[in-house]
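Just below is one structure, and these are the notes that go with it.
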Amino acid sequence: MSGIAVFLCRCFGEINRVIDLDSLQKKLEQDHSVVFFDVVESICLADDIKEAASRIRKSGAEKIVIGGCSHLARGTVVIDGLVREGMKRSAIRLVDLREACAWIHADDPANAVQKAWDLIRMEIAALYHRRESDNVTISVCPEVMIVGAGPAGLSAARTLGRLGFKVHLLERGSNPGGMLNLISHVYPSDEKAQEKIKLYVHEVEKNPLIHFYPKAKIKSITGFTGDFKVQVSSAAGEEMFRVGAVILASGARVWLPHGLYRYGKLKNVITQMEVERQFLKGPLTITSAVFIQCVGARNNERPYCATMCCPSSLKNAVRIRDENPDARVFILHRDIMTPGSTLEAYYRNALAKGVQFIRFEETNSPEMLGDERVEGVDVYDVINGIKIKLDTDLVVLSTPLVPNDDNVKLAGMLGLQLDRYGFFSEIYPLHPLETRVDGVFICGSARWPVSSDHAMMQGEGAAVKAAALLGRETVSALSLSRIPGEKFGHASVNAETCTGCGNCVAVCPFDACRLQKMGRKSISRVNKFRCKACGNCVSVCPNGTVQLPEHDYRAVGAMIKRAFGEESAL
Amino acid sequence: MKSESSAPVLIIGGGVAGIGAALDLAGCGHAVHLIERGHILGGQVAKLDKLYPTDHCAFCPLWTDIKKVREHPLIAVHTFTEVKELKRIDDRLHAVMVRKPPVIDENLCVFCGKCAAECPEGAIQTTGDHVYPPSYRIDQDVCNRCGMCTKTCPTAAIDFQRSEETSELLIDDVIWASGFTEVDLTPLPEFGLGTNPDIMTAMEFEEWTAEAGINRGAIIKKSNQSVPRNIAFIQCAGARDQRMLPYCSAVCCMHAVKQAQWVQRRNPAIQCVVFYTDLRTVGRDYYEYSLRDVGGSRVRLIRGRPSLIYPIPQKNGIAIKFENTMTQKREIWKFDMVVLNGNIGSSLKKTDQEKHFSPALSGDGFVMPGSDDISRFACGFSMEPSDVAESVIQASSAAVKAILAKRIK
Amino acid sequence: MKMLIFACKWCGLIGADSAGKKRIQLPADFRVIPVECAALVEPDAVIRAFASGIAGVAVLGCHLGGCRFNHANHAAVKRLELLKTLLDATGIGGNRLLISFGTAHEDHQYAEVVKTFFEELRSLPSADLWM
Numbered sequence: 020m021s022g023i024a025v026f027l028c029r030c031f032g033e034i035n036r037v038i039d040l041d042s043l044q045k046k047l048e049q050d051h052s053v054v055f056f057d058v059v060e061s062i063c064l065a066d067d068i069k070e071a072a073s074r075i076r077k078s079g080a081e082k083i084v085i086g087g088c089s090h091l092a093r094g095t096v097v098i099d100g101l102v103r104e105g106m107k108r109s110a111i112r113l114v115d116l117r118e119a120c121a122w123i124h125a126d127d128p129a130n131a132v133q134k135a136w137d138l139i140r141m142e143i144a145a146l147y148h149r150r151e152s153d154n155v156t157i158s159v160c161p162e163v164m165i166v167g168a169g170p171a172g173l174s175a176a177r178t179l180g181r182l183g184f185k186v187h188l189l190e191r192g193s194n195p196g197g198m199l200n201l202i203s204h205v206y207p208s209d210e211k212a213q214e215k216i217k218l219y220v221h222e223v224e225k226n227p228l229i230h231f232y233p234k235a236k237i238k239s240i241t242g243f244t245g246d247f248k249v250q251v252s253s254a255a256g257e258e259m260f261r262v263g264a265v266i267l268a269s270g271a272r273v274w275l276p277h278g279l280y281r282y283g284k285l286k287n288v289i290t291q292m293e294v295e296r297q298f299l300k301g302p303l304t305i306t307s308a309v310f311i312q313c314v315g316a317r318n319n320e321r322p323y324c325a326t327m328c329c330p331s332s333l334k335n336a337v338r339i340r341d342e343n344p345d346a347r348v349f350i351l352h353r354d355i356m357t358p359g360s361t362l363e364a365y366y367r368n369a370l371a372k373g374v375q376f377i378r379f380e381e382t383n384s385p386e387m388l389g390d391e392r393v394e395g396v397d398v399y400d401v402i403n404g405i406k407i408k409l410d411t412d413l414v415v416l417s418t419p420l421v422p423n424d425d426n427v428k429l430a431g432m433l434g435l436q437l438d439r440y441g442f443f444s445e446i447y448p449l450h451p452l453e454t455r456v457d458g459v460f461i462c463g464s465a466r467w468p469v470s471s472d473h474a475m476m477q478g479e480g481a482a483v484k485a486a487a488l489l490g491r492e493t494v495s496a497l498s499l500s501r502i503p504g505e506k507f508g509h510a511s512v513n514a515e516t517c518t519g520c521g522n523c524v525a526v527c528p529f530d531a532c533r534l535q536k537m538g539r540k541s542i543s544r545v546n547k548f549r550c551k552a553c554g555n556c557v558s559v560c561p562n563g564t565v566q567l568p569e570h571d572y573r574a575v576g577a578m579i580k581r582a583f584g585e586e587s588a589l
Numbered sequence: 004m005k006s007e008s009s010a011p012v013l014i015i016g017g018g019v020a021g022i023g024a025a026l027d028l029a030g031c032g033h034a035v036h037l038i039e040r041g042h043i044l045g046g047q048v049a050k051l052d053k054l055y056p057t058d059h060c061a062f063c064p065l066w067t068d069i070k071k072v073r074e075h076p077l078i079a080v081h082t083f084t085e086v087k088e089l090k091r092i093d094d095r096l097h098a099v100m101v102r103k104p105p106v107i108d109e110n111l112c113v114f115c116g117k118c119a120a121e122c123p124e125g126a127i128q129t130t131g132d133h134v135y136p137p138s139y140r141i142d143q144d145v146c147n148r149c150g151m152c153t154k155t156c157p158t159a160a161i162d163f164q165r166s167e168e169t170s171e172l173l174i175d176d177v178i179w180a181s182g183f184t185e186v187d188l189t190p191l192p193e194f195g196l197g198t199n200p201d202i203m204t205a206m207e208f209e210e211w212t213a214e215a216g217i218n219r220g221a222i223i224k225k226s227n228q229s230v231p232r233n234i235a236f237i238q239c240a241g242a243r244d245q246r247m248l249p250y251c252s253a254v255c256c257m258h259a260v261k262q263a264q265w266v267q268r269r270n271p272a273i274q275c276v277v278f279y280t281d282l283r284t285v286g287r288d289y290y291e292y293s294l295r296d297v298g299g300s301r302v303r304l305i306r307g308r309p310s311l312i313y314p315i316p317q318k319n320g321i322a323i324k325f326e327n328t329m330t331q332k333r334e335i336w337k338f339d340m341v342v343l344n345g346n347i348g349s350s351l352k353k354t355d356q357e358k359h360f361s362p363a364l365s366g367d368g369f370v371m372p373g374s375d376d377i378s379r380f381a382c383g384f385s386m387e388p389s390d391v392a393e394s395v396i397q398a399s400s401a402a403v404k405a406i407l408a409k410r411i412k
Numbered sequence: 014m015k016m017l018i019f020a021c022k023w024c025g026l027i028g029a030d031s032a033g034k035k036r037i038q039l040p041a042d043f044r045v046i047p048v049e050c051a052a053l054v055e056p057d058a059v060i061r062a063f064a065s066g067i068a069g070v071a072v073l074g075c076h077l078g079g080c081r082f083n084h085a086n087h088a089a090v091k092r093l094e095l096l097k098t099l100l101d102a103t104g105i106g107g108n109r110l111l112i113s114f115g116t117a118h119e120d121h122q123y124a125e126v127v128k129t130f131f132e133e134l135r136s137l138p139s140a141d142l143w144m
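Chains as they are written, first to last, in our numbering: chain A, 20 to 589; chain B, 4 to 412; chain C, 14 to 144.
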């Protein structure tokens with residue numbers, strides 16, 4: 020069996036002041052599993068590491084235990100240094116004798132040295148039993164699939180195309196542009212929606228690296244990070260292609276307020292999108308309009324703010340005022356959601372342009388007046404404390420974006436999670452464009468309702484993250500880690516003992532375990548690219564079939580036995 | 004096609020945005036110099052106790068990315084560093100940076116603590132609980148230059164003779180990620196900042212009540228360490244105000260809600276009141292977060308911006324004069340603590356006479372990307388008041404724009 | 014009074030590390046086994062620990078919103094709570110298993126958790142009774 024080298028660091032007296040390292044050295048002499056040991060003044064400085072590495076090499080030891088400070092102090096410096104000297108990372112283990120022993124038991128040296136000895140022996144036993152996870156390395160297919168050619172998808176496609184990657188840009192409709200094809204102008208720039216995406220559409224059409232699939236339906240997606248196989252049927256026919264990364268930019272849909280504010284029953288009670296449609300045809304030039312915010316949003320069914328409704332109303336209200344300076348335009352709201360510098364200025368501009376604002380409460384919403392067509396709105400102005408009747412012949416309802424119905428299907432194909440509302444889940448808090456599957460990114464309103472300029476920024480963001488993966492020639496399962504550096508390992512199933520109970524499948528937070536029929540049995544298979552080594556599967560397996568090799572149950576068992584000085588063979 | 008330029012990109016600011024941009028650039032194989040004025044990475048987010056809307060501890064996810072940044076071979080981290088000059092020379096930018104190195108070199112410090120133990124003035128402290136890499140720091144105001152620490156340090160990490168280091172770089176582009184700082188509220192004395200120790204800014208309150216802070220998460224008054232009966236959170240203090248900051252600082256509504264909820268968690272007996280104008284809960288899961296506990300019996304929302312906040316003479320307590328705009332009633336309520344939210348702005352707004360350059364700033368002090376040579380890319384609060392998620396997204400976008408700009412050269 | 018602590022390397026161990034850096038003195042009768050995630054702590058291992066004569070087992074993990082393995086700790090907490098009730102049912106005693114998720118990530122919190130658990134264990138009948 021491979022020998023273990025043990026280094027005990029004095030840390031310039033900080034450790035050996037409390038822990039009698041010489042007595043430990045004597046004990047190490049008796050341990051047959053230790054082929055080399057040394058007590059050093061320090062082990063984390065550059066020269067120390069070189070020296071240690073050369074002595075390890077001379078001794079022929081294959082595994083190393085370093086008894087020194089915490090991995091959060093200089094411990095990782097030692098490991099990284101030894102790895103640079105050619106040692107294997109998985110063969111080096113740290114035992115914290117400083118923060119976890121000497122410094123907290125300075126008052127009790129007798130027990131501290133016993134604890135130090137126990138900790139070292141625990142790690143020696145553990146190292147003996149720790150095995151290595153198989154790594155799998157695959158070639159990364161340097162192509163990307165972008166689902167959705169709205170602003171987010173177009174932006175991602177343009178970016179990745181420019182970066183030199185082949186792009187498969189799928190669009191459910193016949194043309195690119197998404198929601199921007201349905202609206203007149205965008206905020207806050209107030210430019211024409213078509214102008215905004217014209218350049219992007221043009222570049223996407225011109226760039227030979229970008230393949231556009233209109234009327235696309237995804238039939239299936241299999242595979243994993245770096246190598247997804249996609250079957251698509253589109254106006255161009257049936258196709259199968261492989262991609263290294265997937266960007267979901269499939270947007271969201273507008274919720275129609277049936278049942279609220281007599282929508283569908285009263286004429287001229289319309290949605291924001293319908294106003295946009297009218298603006299696309301030409302100016303409205305009306306004498307009055309009342310916008311109502313939070314229709315079907317920030318309520319029990321959809322307890323979220325859809326981000327876009329307030330600025331959209333400001334945009335359209337100002338437009339109406341610009342077209343007809345005598346028009347009486349009201350925005351009835353529960354808060355005006357214009358955070359930031361640009362949007363707040365947008366709000367101030369609307370005020371300056373004579374748009375009027377009335378605040379109402381969720382429990383006392385405005386009422387529509389009129390029989391066949393709307394004639395006015397009754398609203399309780401909560402700030403002035405009075406009920407007001409507004410005469411109007413147009414009411415615009417701001418409704419939220421809600422997730423597309425086929426999010427569920429897409430999530431199923433890729434093994435993604437949806438949040439409680441049905442939007443694709445992200446990784447909180449610092450990776451908002453990433454999902455629990457490496458290589459699958461989300462942007463635009465598929466992730467969370469956003470304006471077109473934010474959607475485009477997110478498209479670029481998703482693109483750069485996809486580019487990091489696509490630019491690699493190969494990707495290994497161990498590199499897809501949630502911790503600094505490589506994964507701890509990944510789960511492995513013993514096919515012979517697996518009973519196919521499915522506990523692991525149910526508990527895995529990354530959907531990495533699947534049952535597969537093998538002959539008459541069903542056994543669990545772990546997708547090494549999805550597994551992040553959290554260990555849930557190991558803990559729920561009824562017979563120890565699933566193990567994390569680096570944390571093999573024999574290692575844990577040995578550690579527990581040795582924790583308090585029990586003499587036991589390895 | 005021109006070959007891709009291989010000069011590095013300079014990122015000014017080592018907060019969440021800068022870190023995000025650095026990792027994205029390095030992930031695509033581009034060299035980065037990350038410049039940070041302070042002594043640690045993480046910026047304002049590293050100072051936070053918890054994050055909304057997940058109630059994550061702020062340091063843990065940040066620490067992971069900071070470690071990645073420090074260990075990445077393509078990212079050079081420069082702390083204690085400021086950019087002094089940015090000039091265009093042909094198709095590159097020439098940057099001059101000045102580093103004021105700390106007396107204790109964090110790369111040599113093994114955190115043994117001998118220096119702190121030896122110091123007769125107690126001038127040496129650790130750099131903080133969740134800092135990577137951990138090291139010690141000498142408070143120059145207390146230090147008497149006796150040199151005991153230098154003698155005791157076993158790795159020769161201490162050197163009082165370290166002088167400013169000036170270095171020059173030829174870079175392809177600069178990404179501004181300089182974040183926000185607090186803005187002085189003196190022009191608006193009605194908020195009472197400075198008149199009583201229990202009237203403090205949001206960041207002060209965060210530090211005062213942090214689990215890792217000096218009170219270990221306990222909510223107590225600064226004036227006399229007693230437990231407050233109630234706390235007022237004042238939104239838009241200085242912000243959305245034509246006299247001072249006309250913009251909305253974006254993050255404060257959620258920040259106040261988070262702080263109020265955490266006060267509730269730690270001590271349900273303390274009543275919290277949030278005085279707001281519009282409760283801006285636009286981001287993912289924010290509105291639902293704000294519904295938790297808020298509007299219930301203990302965290303109240305009152306719509307109204309106080310007209311006067313003042314310590315009650317001869318009595319413990321602070322009076323807040325306000326109009327509850329939903330009831331039209333004018334009232335004066337007594338609070339034990341007041342937290343002011345809103346007075347934050349781009350840290351670039353402060354004019355710096357020493358700088359031989361300045362990025363193009365809007366009237367509100369935010370970088371206007373694309374305006375000129377040195378202002379092409381920006382992200383985070385330096386560009387627009389943004390929360391963590393938005394800052395990180397903007398950082399990725401800025402990073403890829405910088406990469407694409409290189410290809411055009 | 015032997016105590017075994019399984020601590021995840023993130024919230025779990027950071028508190029221990031901070032306590033160490035501040036040199037908060039603690040009784041020496043406990044050993045820490047670090048794990049990548051508290052989800053890796055098998056009920057099996059906990060029972061083995063009791064069978065080895067360990068009086069108390071603590072599992073330290075990240076608080077429920079903060080697991081970097083996509084809420085893996087949610088399943089872990091449920092599992093350990095269930096284990097606690099089983100330990101009660103079998104007479105070992107559920108209060109010998111301390112489940113601390115997100116309550117020990119600062120130095121003073123960790124010290125508090127360890128010291129309080131020791132006190133709790135001391136108040137329980139001897140573990141030898143059921144060995």
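Ideal placement from N, C-alpha and C gives every residue a C-beta, glycine not left out.
Just so we're clear, the structure is a prediction, and the values are computed from it rather than from any experiment.
Residues near residue i in its chain [Cβ-Cβ closer than 7 Å; skip 5 each side]
| i | result |
| --- | --- |
| K224/B | D201, P231, D339 and M340 |
| V84/A | I23, V25, R112, V114, I139, E142, I143 and L146 |
Burial state of residue i (16 or more Cβ within 10 Å)
| i | result |
| --- | --- |
| V145/B | exposed |
| P561/A | exposed |
| R92/C | buried |
Test: residue i CB closer than 8 Å to a CB of chain C
| i | result |
| --- | --- |
| C63/B | yes |
| F507/A | yes |
| H124/A | yes |
| D209/A | no |
| L91/A | yes |
| A392/B | no |
| P568/A | no |
Same chain, Cβ closer than 8 Å to residue i, neighbours up to 5 away in sequence not counted
| i | result |
| --- | --- |
| S252/A | A235, K236, K238 and E258 |
| L26/C | A20, V45, P47 and L73 |
Simplified DSSP assignment, three categories, for residue i
| i | result |
| --- | --- |
| F349/A | strand |
| R308/B | coil |
| C255/B | helix |
Near the ligand GTP: residue i beta-carbon under 7 Å from a heavy atom
| i | result |
| --- | --- |
| D472/A | With respect to the ligand GTP, the structure offers nothing, as it holds no ligand at all. |
Below-8 Å beta-carbon distance, residue i vs any chain A residue
| i | result |
| --- | --- |
| L53/C | yes |
| V45/C | yes |
Chain B contact for residue i (CB, 8 Å cutoff)
| i | result |
| --- | --- |
| H121/C | yes |
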